[in-house]
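There are 2 protein chains.
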Amino acid sequence: MTLKPSVFDPQGRTIVEALGSMGYGAVRDVRQGKYFELDVDAETPAAARTLVTEVADRLLANPVIESYRVEVDGEETSPPVEPGRRRVTRMVTLGD
Amino acid sequence: MTLKPSVFDPQGRTIVEALGSMGYGAVRDVRQGKYFELDVDAETPAAARTLVTEVADRLLANPVIESYRVEVDGEETSPPVEPGRRRVTRMVTLGD
Chain A
346 MTLKPSVFDP QGRTIVEALG SMGYGAVRDV RQGKYFELDV DAETPAAART LVTEVADRLL
406 ANPVIESYRV EVDGEETSPP VEPGRRRVTR MVTLGD
Chain B
346 MTLKPSVFDP QGRTIVEALG SMGYGAVRDV RQGKYFELDV DAETPAAART LVTEVADRLL
406 ANPVIESYRV EVDGEETSPP VEPGRRRVTR MVTLGD
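Residue numbers (the numbering used here), protein chains in the order written: chain A, 346 to 441; chain B, 346 to 441.
Here's what the structure looks like:
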């Protein structure tokens with residue numbers, strides 16, 4: 346997860362400046378966020394998404410300054426999975 | 346980025362336990378990592394990948410306890426991009 350664009354990101358700014366002084370001026374902008382991989386028991390990818398979204402809202406993300414996105418294995422844009430209940434989900438908080 | 350599996354992840358463990366006490370026992374495992382989005386100037390997606398990999402090795406990742414993966418817009422598995430030099434890359438450190 347990363348801070349919403351309207352929130353000043355001092356860590357990202359510091360990284361850009363450090364990289365500039367190391368000769369990496371081609372890196373124009375950096376946004377830092379948090380990443381979570383969750384293994385969950387769920388009958389379907391949709392159920393896994395519902396569960397992880399609830400967990401994000403209640404525990405993992407700070408809705409005042411962060412937004413997030415969720416990826417679930419087995420959904421159309423993600424790798425297919427073996428039959429069974431265990432599903433790997435990835436969550437990144439991201440700017441709006 | 347997340348810790349290599351051989352490295353004990355107390356934050357992930359704490360999240361699983363907190364979720365269990367909130368009724369989310371279906372969340373079996375959590376691995377927490379860091380996420381970076383970098384906007385870089387590069388002629389090609391391959392050049393962007395080379396740049397970001399170097400930046401990860403030199404500044405963003407700790408190779409003793411973390412491994413990472415890089416995604417570049419315009420590579421075959423990522424969204425296509427408009428012509429031009431500016432490329433969005435995403436970096437997640439991940440277990441091996």
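Idealized CB from N, CA, C, for every residue including glycine.
Going along chain A, which residues have a C-beta under 8 Å from residue i?
{"i": "Ala391 of chain B", "result": "Neighbours of Ala391 of chain B on chain A: none; closest Cβ ~14 Å, over 8 Å."}
{"i": "Tyr413 of chain B", "result": "Going along chain A, no residue has its Cβ under 8 Å from Tyr413 of chain B, so there is no contact; the nearest lies around 10 Å."}
Is residue j closer than 8 Å to residue i when the C-beta atoms are compared?
{"i": "Tyr380 of chain B", "j": "Gly378 of chain A", "result": "yes"}
{"i": "Val409 of chain B", "j": "Met436 of chain B", "result": "no"}
{"i": "Val417 of chain A", "j": "Leu364 of chain B", "result": "no"}
{"i": "Arg376 of chain B", "j": "Asp354 of chain B", "result": "yes"}
{"i": "Thr389 of chain A", "j": "Ser412 of chain A", "result": "no"}
{"i": "Asp384 of chain A", "j": "Arg430 of chain A", "result": "no"}
What residues from chain A crowd round residue i, counting only those whose CB sits closer than 7 Å?
{"i": "Ala401 of chain B", "result": "Going along chain A, no residue has its Cβ under 7 Å from Ala401 of chain B, so there is no contact; the nearest lies around 11 Å."}
{"i": "Val372 of chain B", "result": "Leu383, Val385, Val400"}
{"i": "Val437 of chain B", "result": "Tyr380"}
Which one or two residues does DSSP pair with residue i in a beta bridge?
{"i": "Phe381 of chain A", "result": "A:Met436, B:Gln377"}
{"i": "Asp386 of chain B", "result": "B:Arg431"}
{"i": "Glu362 of chain B", "result": "None, per the DSSP bridge assignment."}
{"i": "Glu420 of chain A", "result": "A:Asp418"}
Between which two residues does the beta strand (DSSP E) holding residue i run?
{"i": "Arg414 of chain A", "result": "411-417"}
May I ask which residues mark the beginning and end of the alpha helix (DSSP H) holding residue i?
{"i": "Pro395 of chain A", "result": "At residue 395 of chain A the sequence reads Thr, which differs from the Pro that was named. 390-400 is the span of the alpha helix (DSSP H), which, as asked, contains Thr395 of chain A."}
{"i": "Pro408 of chain A", "result": "That residue, Pro408 of chain A, is in no alpha helix (DSSP H); it is neither H nor E in DSSP."}
{"i": "Ala371 of chain A", "result": "First-last for Ala371 of chain A: undefined, no H or E at that position."}
Quick one: measure Cβ to Cβ for residue i and residue j, integer angstroms, because I've assumed they're closer than 8 Å.
{"i": "Ala387 of chain B", "j": "Ala406 of chain A", "result": "With 8 Å as the limit, Ala387 of chain B and Ala406 of chain A do not qualify as a contact, their Cβ atoms being about 31 Å apart."}
{"i": "Thr434 of chain A", "j": "Ala393 of chain A", "result": "6 Å"}
Chain B partners of residue i, CB-CB under 9 Å?
{"i": "Phe381 of chain A", "result": "Thr347, Gly357, Ile360, Val375, Arg376, Gln377, Gly378"}
Quick one: which chain B residues come within Cβ less than 7 Å of residue i?
{"i": "Ala363 of chain A", "result": "Leu404"}
I'd like to confirm something about residue i: is its beta-carbon nearer than 7 Å to some heavy atom of the ligand ADP, or not?
{"i": "Asp402 of chain B", "result": "The ligand content of the structure shown is nil, which means the ligand ADP is not present either."}
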